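> The structure that follows is given in the form of structure tokens.
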Amino acid sequence: PPTCCTTEKRNAPSSLYFSLSSLPRCASAPALILLTANQVTNMAANRVIVYGGKGALGSKCVQHFKSKGWWVACIDMAANEEANENVIVKLGESFNEQAGQVTADVAQLLGEQKVDAILCVAGGWAGGSCSSKDLYKNTDLMWKQSVWTSTISSHLAALHLKPGGLLTLSGAKAALSGTGGMVGYGMAKAAVHQLCQSLAAKNSGMPSGAAAVAILPVTLDTPMNRKFMPDADFGSWTPLEYIAEMFFNWATGVNRPASGSLMQLLTSGGETQAVAAQ
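Note that the sequence shown covers residues 20 to 297 in this note's numbering.
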């Protein structure tokens, strides 16, 4: 290169400088560029939204996709500092109000940009039969955590997912049949299953060639589950790393199930298989 042009790499890991702008110009010098590492990441070709990105599984997904060089946005009630961008969900009793807020904030964040994948990993668990004094409270909570988030994610997919993109939803294997001891949970997860299959149907509003796939785990290997079930067989719990890697493969077109698939995550002896529910 001309002697008036140099390329400088600073030691700070957060920045990579293609530093020409502060130096004397010469006729053969190209346009001058200064990019921080964060700006380089924001220009990444691949982009993913993780709904519930502050939770155990969501945080693992944020970490995994970031490690692959993807731009990652987190939607949750608290920010994930590892994500490139965060959309903070404001608490409210009205679904319409919360959905409108998240939809508007994501639209402002993305502008005309499209994303390759939307991973809805928000959720939770609460038990109780129909005779439980907490039935109404727990059912309301399960509906908010699973159905609200999944419905919002499906609309975000219609608006912002690339053709051929991926939307994942979080169901539960238990909800494939009756859940007498956890009525609200089973009802909410069954609704997520139905939503997933509807998104694969004609006239669903999904982008051309995009896939909606639900995962149906039994028990996830999370710190909270280990805390409350210390004597359980952890070898039968599905590792979060397995799911994050599986999502990445699906997002990049590797072994992606057909749209509408309900994928059971069956773990035994520390080995996990993803098996479509029939």
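Where a beta carbon is used, it is the ideal one built from N, C-alpha and C, also for glycine. As the structure is a computational prediction, the values presented were derived from the model and not from experiment.
Roughly how many angstroms separate the alpha carbons of W256 and L284, rounded to a whole number?
Rounded to whole angstroms, W256 to L284 spans 9 angstroms at the Cα level.
> By the DSSP assignment, the alpha helix (DSSP H) with Q164 in it spans what residues?
Note, Q164: premise wrong, no alpha helix (DSSP H); not H, not E.
> Flag this pair as yes or no: are the beta carbons of G147 and M201 separated by less than 8 angstroms?
Yes, they are a contact pair.
> Taking the continuous alpha helix (DSSP H) assigned at D124, which residues delimit it?
Run containing D124: 114-129, per the alpha helix (DSSP H) assignment.
> Along the chain, where does the beta strand (DSSP E) containing P242 start, and where does it finish?
Element bounds for P242: not the beta strand (DSSP E) but the alpha helix (DSSP H), 242-247.
> Closest to T230 by C-alpha separation, out of A177, V69, T238, L160, would be which residue?
It should be pointed out that residue 230 corresponds to Ala in this sequence rather than to Thr. That would be A177, whose Cα lies nearest to the Cα of A230.
> Which residue comes first and which comes last in the alpha helix (DSSP H) that contains N268?
Element bounds for N268: 259-270.
> Give a yes or no on whether the C-beta atoms belonging to C367 and A263 are separated by under 8 angstroms.
The structure shown does not extend to residue 367, since the chain is modelled only from 20 to 297, so the question has no answer here.
> When you compare the CB positions of V232 and S278, do they come within less than 8 angstroms of one another, or not?
Taking 8 angstroms as the Cβ cut-off, V232 and S278 qualify as a contacting pair.
> My output table needs one value for L110: the three-state DSSP class, helix, strand or coil.
Coil.
> Only counting the same chain, and skipping five residues up and downstream in sequence, which positions put a Cβ closer than 7 angstroms to that of P276?
So the qualifying residues of the chain are V232, M282, A295.
> So, at 6 angstroms on beta carbons, what are the nonlocal neighbours of K156 in its own chain, with the 5 sequence-adjacent residues on each side left out?
Cβ within range, chain order: n/a, list empty.
> Determine the DSSP secondary structure at M206, reduced to helix, strand or coil.
It is helical.
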